[in-house]
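Data first, discussion second: the structure below is written as structure tokens.
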Amino acid sequence: MIIKVLLVLAVGYLLGNFSTGVVLSRKTKGFDIRDYGSKSAGTTNMLRVLGRASAALTLVGDMLKGIVAGLIGWWLLGDRMGALLGGVAAIVGHDFPVLLHFKGGKGIATSFGLLLMLYPIQSLIVLAVFIAVVALTRYVSVGSIACAVLYPIIVIATTPFDARVAALMVCVGVLAVFCHRANIRRLIEGKENRLDVSKLKGRKG
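Position one of the sequence shown corresponds to residue 0 (numbering that gives the first Met the number 0), numbered consecutively onward.
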């Protein structure tokens with residue numbers, strides 16, 4: 000069992016190391032997305048720098064990492080906990096990829112992919128909250144942080160209590176907030192970029 004757990008963690012982490020944004024920007028534009036905009040390899044920065052199509056591909060690719068890692072964990076360990084372990088490992092790999100010198104993204108899309116598979120109803124509620132917060136504030140980071148806080152609460156409150164699941168969910172939320180520390184600092188300083196909807200509508204990437 001220990002060997003299987005270690006295998007799930009290792010495979011999940013390595014899957015997380017595949018950065019959709021970095022690969023897309025290098026292959027299609029010849030540069031590393033992490034050198035532009037907010038310096039992140041995530042969907043929002045891809046949207047700002049390369050446009051909607053590149054952002055959509057990045058979103059799907061990053062979500063798939065969480066889903067695939069979760070499915071592998073479920074297959075090898077046989078339960079939801081195994082899926083969570085695999086998915087959380089992928090999130091850590093996405094945020095701190097050894098193959099990319101530990102300079103990754105914030106893990107929001109990868110987390111959402113995993114949790115959408117495991118908790119679809121709760122995930123749709125969280126997605127609605129994200130959309131509402133971003134629509135009201137035009138800060139994607141605020142929507143992401145709100146969801147990072149809400150996700151553990153809603154999953155723990157609406158499912159049979161399991162201390163292991165609760166601990167992992169809290170870890171996912173804390174990690175997401177931690178990875179947004181630069182955004183939080185910019186929000187406090189009034190320097191955080193807002194989502195420019197009018198500009199993005201005209202960019203197809």
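Every residue, glycine too, gets a C-beta built ideally from N, C-alpha and C.
Leaving aside the five residues that flank T157 on each side, the residues in its chain whose CB is nearer than 7 Å to its CB run, in chain order, Q121.
The C-beta of K26 has fewer than 16 other C-beta atoms within 10 Å across all chains shown, which makes the residue exposed. By the Cβ-count criterion, G77 is exposed, with fewer than 16 other Cβ atoms from all chains shown falling within 10 Å of its own Cβ. In this model, S37 and N192 are separated by some 9 Å (Cα to Cα).
Here G50 is not near I32, since their CB atoms are 8 Å or more apart.
For V132, same chain residues with a beta-carbon under 7 Å away, outside a window of 5 residues either side, are V141, G142 and A145 in chain order.
Taking C-beta atoms under 8 Å as the contact rule, A54 and A68 fail to qualify, at a distance of about 22 Å. The C-alpha of L75 lies about 11 Å from the C-alpha of L5. Contact between T42 and L58 holds: their C-beta atoms lie close to 4 Å from each other, under 8 Å. Per DSSP, L14 is one residue of the alpha helix (DSSP H) stretching across I1 to N16. Counting along the chain, I32 sits inside no alpha helix (DSSP H), nor does DSSP assign it H or E at all.
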